[in-house]
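Have a look at the structure below, then the notes.
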Amino acid sequence: MATTPYREQVLREVNALPEEYLPYLLQIVQTFRDSITLRPATESVQQGWHEARTTQITPIEELWDGIDAE
297 MATTPYREQV LREVNALPEE YLPYLLQIVQ TFRDSITLRP ATESVQQGWH EARTTQITPI
357 EELWDGIDAE
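The sequence shown lines up with residues 297 to 366 when you count with the numbering used here.
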């Protein structure tokens with residue numbers, strides 16, 4: 297697999313870090329990846345169902361509050 301300039305730059309930066317910082321960097325990378333990765337539909341439905349059952353909902357009339365339509 298060919299590496300991109302970004303991957304090479306990231307790897308250079310990681311390799312320059314002291315060993316004791318690697319656990320923190322790993323946590324940052326995992327958190328970032330989790331925040332940008334789409335969850336499977338079943339997970340989203342399960343979360344939505346859980347929120348509905350535990351009344352973690354927003355009334356529909358409030359969903360558009362603060363949105364200016366022209």
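Glycine included, each C-beta is placed from N, C-alpha and C at the ideal position.
DSSP three-state assignment for residue i, whether helix, strand or coil
i: G362; result: coil
i: Q323; result: helix
i: P355; result: coil
i: P314; result: coil
Contact under 8 Å by Cβ, residue i with residue j
i: I356; j: E347; result: no
i: E321; j: L313; result: What sits at residue 321 in the sequence shown is Leu, not Glu. The answer is yes: Cβ separation under 8 Å.
Straight-line gap, residue i to residue j (C-alpha atoms, nearest Å)
i: E339; j: W345; result: 10 Å
i: T327; j: T333; result: 10 Å
i: D361; j: Q342; result: 26 Å
i: R308; j: D330; result: 23 Å
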